[in-house]
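Structure first, commentary second.
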Amino acid sequence: MALEFDLDKTFGENIAVFRGHLEGLDPECAKIFFDNQATLLGDGNSARARANRTAFNEAVLAQLKVLPPKSEAS
């Protein structure tokens, strides 16, 4: 199922649709993404944007590493 953002909707409304889409694909990974979303978005300071992305990537990777492989999870 393809996901398309609606330009007539707000960022928050599109994020809610995105969340539902990700949860349908992989609930565990969706939770990890949204648990760390605030780090990715940061505080709007463009000078810290790269650091925010790096912190987000590191946090997500750390959480992904502790997930059991799909064949073991169920």
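Numbering (the numbering used here), first residue to last: 111 to 184. Built from N, CA and C at the ideal position, the CB exists for glycine as well.
- When the beta-carbon positions are compared, leucine 135 and phenylalanine 144 stay at least 9 Å from each other.
- The residues Arg129, Leu132 and Glu133, in chain order, have a CB closer than 8 Å to that of alanine 140 in the same chain once the five nearest residues on each side in sequence are set aside.
- Boundaries of the alpha helix (DSSP H) around leucine 150: 147 to 151.
- With respect to the 9 Å criterion, asparagine 146 and alanine 126 are not classified as neighbours on the basis of their beta carbons.
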